[in-house]
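First comes the structure, then the notes that go with it.
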Amino acid sequence: MKLLLTSSSRHGSTDEVAAVIAERLRSAEIDVDTAQPEDVESVDGYDAFILGSAVYMTKWTNAAVAFTERFREALSAKPVWAFSVGLSGLPKGKMADPQRIGPVLLALEPEDHITFAGRFDPDRLSLRERSIAKLGGAAEGDFRDWDQVREWADAIVTSLRDRPL
Ligand SMILES: Cc1cc2nc3c(=O)[nH]c(=O)nc-3n(C[C@H](O)[C@H](O)[C@H](O)COP(=O)(O)O)c2cc1C
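Sequential numbering from 0 applies to the sequence shown in numbering that gives the first Met the number 0.
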């Protein structure tokens, strides 16, 4: 069983979520390759996929969307899980829901899609990004819930074990 986990991040918080998922799968003896979507040239030989992206302006990154388009056929033949990292849905936050992710994921028909709360650390952002995020109502802080991330990874392990590949 070999799995490809792609992660598309601008400021690292999505990559850190991906790393925790990868570690969890590896501890369950699943062989996981991790990559940035733009670096992947072939998906031959993978039995399953986990695709993750940060959400910016209600969308996955261009690289993450392009990956789903480049490999749509191969992805539709295998189990795919997807996760987004954003700040919508937080009690204090007003960030837009990632609606435009919908069409991407619908075309993929993932086994599951989850949105994890991310991090908004103005010090790591450009002035432009900081202004957009503040205008969008982002609450400052690191809201990543590592237990939730690990639970989601464990559910994938269970699901993979239950299916004949
Ligand atoms: C300019 C900007 C726009 C954003 N737009 C959204 C959005 O539309 N929806 C959302 O849920 N989060 C949004 N966020 C929050 C990011 O998704 C969040 O900070 C995430 O943790 C960033 O991931 P990264 O560190 O992997 O790049 C935005 C953040 C910035 C800085």
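All C-beta atoms in this analysis are idealised placements derived from N, C-alpha and C, irrespective of residue type, glycine included. Keep in mind it's a predicted model, so treat the numbers as computed, not measured.
Return yes when at least one heavy atom of ligand 1 lies under 7 Å from the C-beta of ALA62, else no.
Looking up residue 62 in the sequence shown gives position 63. No, the beta carbon of ALA62 sits no closer than 7 Å to any heavy atom of ligand 1.
Please state whether the Cβ-Cβ distance between ALA137 and PHE119 is less than 8 Å.
For the purposes of this step, residue 137 is taken as the residue at position 138 of the sequence shown. For the purposes of this step, residue 119 is taken as the residue at position 120 of the sequence shown. If you check the CB distance, ALA137 and PHE119 come in under 8 Å.
Boundaries of the beta strand (DSSP E) in which ILE49 is found, first to last residue:
Translated into the one-based positions of the sequence shown, residue 49 becomes position 50. In the DSSP assignment, ILE49 falls within the beta strand (DSSP E) that extends over 47-55.
Give me the Cα-Cα distance between ALA34 and ASP122, rounded to the nearest whole angstrom.
As a position in the sequence shown, residue 34 is number 35, starting the count at 1. As a position in the sequence shown, residue 122 is number 123, starting the count at 1. Going by the C-alpha atoms only, they are around 26 Å apart.
On the three-pair Cβ rule with 8 Å, is the region 41-53 touching the region 0-14?
Pairwise C-beta distances place the region 41-53 in contact with the region 0-14, as three or more of them are shorter than 8 Å.
When the Cα of PHE66 is compared with those of THR114, ILE155, GLY135, GLU40, which residue comes out closest?
Taking the first residue of the sequence shown as 1, we reach residue 66 at position 67. Taking only the C-alpha atoms, the option nearest PHE66 is GLU40.
At 4 residues or longer, and completely inside the region 122-146: list those alpha helix (DSSP H) runs for me, N to C.
Qualifying alpha helix (DSSP H) stretches, in chain order: 126-134.
Cutoff 7 Å; reference ALA21; Cβ partners in own chain excluding five residues on either side:
Looking up residue 21 in the sequence shown gives position 22. LEU4, VAL31, THR33.
If you pair each beta-carbon of the region 110-118 with each one of the region 75-83, do three or more pairs fall below 8 Å?
The way I'd put it, the region 110-118 does touch the region 75-83; three or more beta-carbon pairs between them come closer than 8 Å.
So who's on the other strand from ILE113, going by DSSP bridges?
To locate residue 113, count along the sequence shown from 1; it is residue 114. PHE82.
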